[in-house]
Amino acid sequence: MLREIESDAFRVSKVEFHLGLNVVIGDAAAANSIGKSSLLMVIDFVFGGADLLDKNDDIVPNIGHHEYRFLFEFDGQKHYFKRATERSEFVIECDGQYNQIKPLTVAQYTAWLVQAYATPKISLSFRSMVAPYSRVWPKDNVTNVHRPLHAVSSQSASDCINNLIKLFGRFSEVEHSSAVFAQADEHRRVWRKAEGMEFLSRIGKREYEANESALNLISEEVAEIKTNLAQYALNLRAIVDREVMDLAQDKDLLLRERSKVFHQLTRTQQNLQANKHVKSSQLEGLKEYFPDMQVEKLVRIEEFHSAVARLLKQELVQTERTLRLQLNSLDVAIADIDRKVSERVKGHDNPNVIVDRVYQLSEKWTALKSENKKFEKKEELQKDFVEAKESLETVKLAILTDIESAINQELEKLAIDVYGQGANAPTLILGQNSYKYEIDNDTGTGTAFANLVLFDLAILSLTELPFLIHDLPLFKNVEHDAVAAFVVEYTKFPTKQIFTVLDEIEKYGATTVDVLRKRCVLELNEQDVLYKKKWRSR
């Protein structure tokens with residue numbers, strides 16, 4: 001347990017603590033800014049928290065950097081440490097006079113706290129365990145009244161629920177299923193990423209079924225070859241005939257195209273031969289027979305026709321060249337088919353033919369089978385993911401049902417203790433990734449804050465949680481009798497520690513005042529503030 005905190009910055013240099021309830025008492029005037037919440041934040045700082053510097057950012061600017069020295073005691077053994085605001089990322093292990101032995105990171109220090117409080121079986125970091133129940137102003141969890149499992153508002157509900165399972169020591173029951181699910185999810189995501197980066201080809205259900213049909217056809221053909229292998233020559237002839245028929249069909253198409261191109265070429269060549277014109281010298285000879293003929297006019301007409309003819313000839317020459325190239329290309333393709341047919345026919349009694357055919361079928365089979373195996377693997381990964389998820393959800397739901405029932409039963413008991421028989425208790429509803437905490441037919445502010453106190457008391461009672469820190473704002477809107485009843489509940493934990501703040505204590509009754517004064521660790525007022533320097537004004 002935490003035994004003491006001392007600091008040169010404190011007005012009272014040392015604050016001592018004990019098991020059970022530890023109360024900081026404010027004055028009857030409910031004075032603000034005297035250090036009540038600050039001391040609770042220092043306690044949180046001592047337990048590895050960071051909010052003292054993050055939330056109370058006026059302390060260091062006003063009193064400068066300083067350190068806190070603190071003592072823990074476990075099984076009669078004392079452990080001394082100190083932590084400075086200037087280098088808060090370290091906690092210093094010390095001897096009995098607070099001389100440095102060695103520095104520890106905050107992570108190392110809080111790992112030691114897990115061992116010291118004998119809570120390693122809950123599989124939860126120390127801060128994850130205690131932070132939700134260290135409710136100090138101005139932390140989020142002071143006012144987040146419907147989210148009691150949240151240490152900070154940004155935390156996911158799923159993380160909070162997993163932490164609750166761990167706090168109840170039930171995570172070992174779900175750990176295997178969680179690991180299987182995490183692995184299945186990782187495998188599925190890696191596969192999808194590989195597909196997205198085109199390292200793996202995508203294949204859907206339709207392609208898979210088409211591949212299966214093709215594989216069946218290949219199987220049938222191979223089976224036919226095996227069955228009829230005794231009729232070797234006939235088998236070879238059948239295979240050759242099948243391939244030759246395919247080649248003949250290809251050649252027929254090419255011949256038709258060649259005939260079309262050849263006729264176009266012939267017409268083009270004929271047009272080139274007919275492309276002639278009359279020379280002017282030939283026109284001069286006509287005057288002998290037609291003296292009145294206008295030769296000059298006929299010459300001009302003939303020159304025009306010649307110009308047109310030259311342009312037409314250029315086009316015809318280009319067309320002839322293109323058609324010759326097409327014809328040559330077609331001739332090459334036809335010759336290639338003829339060569340293949342000749343090879344097939346010559347080798348009809350050559351075993352290489354059947355070997356080649358089987359090889360081709362084998363290659364196609366391998367390619368199709370490889371594609372389908374990828375589809376089957378993807379389906380297998382998806383199936384594993386779904387099964388792992390369902391298994392995890394089943395195990396987790398059973399655990400959450402147990403935890404939910406235990407907490408709600410404890411809340412009912414506490415509500416009766418605090419408010420009396422017939423009291424309406426708040427209810428926790430746990431889901432896989434969400435939760436609700438509320439009380440039916442009561443939306444009052446005081447009730448909402450009181451429900452946080454009830455919830456924390458239930459958790460403290462049912463788990464290995466070592467302490468609570470409850471700040472004054474939790475009680476400000478709560479009925480006086482209820483606060484007095486909370487004090488009684490706080491005293492029921494003699495082996496744990498509860499750190500809280502109350503002021504105007506007389507309004508809670510003489511019995512409660514007596515308990516609070518016996519459990520008081522520090523009393524603060526306008527004159528006697530926490531730190532030596534008083535910088536806040538009212």
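Mapping the sequence shown onto the UniProt record's numbering, position 204 (from 1) lands on 204, and the numbers just tick up by one.
Even glycine gets a Cβ: it sits at the ideal position worked out from N, Cα and C.
By the C-beta criterion, the segment 103-115 is judged not to be in contact with the segment 146-164, since fewer than 3 inter-stretch pairs fall below 8 Å.
For E390, the closest of Y109, S178, K364 by C-alpha to C-alpha distance is S178. Membership of I469 in the beta strand (DSSP E) is indicated by the continuous run 467-470. Pairing I469 with D44 gives a Cβ-Cβ distance under 8 Å.
Nearest neighbour of T427 by Cα position, chosen from T401, A31, V521, turns out to be T401.
Annotated as distal: L316 and V261, with beta-carbon spacing of 8 Å or more. In this structure, the alpha-carbon of K14 lies about 16 Å from that of I25. Note on R69: 16 or more other CB atoms within 10 angstroms of its CB, so buried under the neighbour-count rule. Within the same chain, H65 come within 7 Å of E86 by CB-CB distance, once the 5 residues on both sides are set aside. Sequence-distant partners of K251 (beyond 5 residues in either direction) whose C-beta falls short of 7 Å from its own C-beta, in its chain, are I334, I337.
Taking C-beta atoms as the reference points, F493 and G20 count as a pair closer than 8 Å. Just so you know, the alpha carbons of L530 and L524 end up roughly 7 Å apart.
The continuous beta strand (DSSP E) containing Y435 extends over residues 435-438.
In this structure D503 is buried. Its beta-carbon is surrounded by 16 or more other beta-carbon atoms within 10 angstroms.
Residues I122, S123, L124 of the same chain have their beta carbon placed closer than 7 Å to that of K166, with the five preceding and five following residues left out of the count. Note on the segment 399-466: whole alpha helix (DSSP H) runs with a minimum of 4 residues are 445-462, in chain order.
Of the other Cβ atoms in all chains shown, 16 or more fall within 10 Å of the Cβ of A415; this residue is therefore buried.
For R339, the number of other beta carbons within 10 angstroms of its own is below 16, and it is reported as exposed.
The C-alpha of Q77 lies about 38 Å from the C-alpha of V145.
The residue among E404, D27, L40, N62 with its C-alpha nearest the C-alpha of F467 is L40.
When DSSP states are grouped into helix, strand and coil, K82 belongs to the strand group. Put simply, the segment 204-211 touches the segment 363-372. At least three CB pairs are less than 8 Å apart. In the three-state scheme derived from DSSP, where H, G and I count as helix and E and B as strand, T491 is classed as coil. Taken in chain order, the complete alpha helix (DSSP H) segments of 4 or more residues contained in the segment 80-148 are 106-116, 126-130, 140-143.
Fewer than three Cβ pairs drawn from the segment 129-145 and the segment 80-94 lie within less than 8 Å of each other, which leaves the two stretches out of contact.
With respect to the 8 Å criterion, A510 and D417 are not classified as neighbours on the basis of their beta carbons. Per the C-alpha coordinates, the member of L465, N477, K518 positioned closest to V488 is K518. In the structure shown, F385 falls within a helical segment according to DSSP collapsed to helix, strand and coil. Counting along the chain, E6 sits inside the beta strand (DSSP E) bounded by residues 2-6. The straight-line gap separating the alpha-carbon atoms of L472 and V521 is approximately 15 Å. In the DSSP assignment, C520 forms a beta bridge with V23. L411 places its beta carbon less than 8 Å from that of L454. Secondary structure note for K14: its beta strand (DSSP E) is the uninterrupted segment 14-16. The Cβ-Cβ distance between L462 and I399 does not fall below 8 Å. About 4 Å separates the beta carbons of R258 and L330, which is inside the 8 Å limit, making them a contact pair. In the three-state reduction of the DSSP assignment, E257 falls in the helix class.
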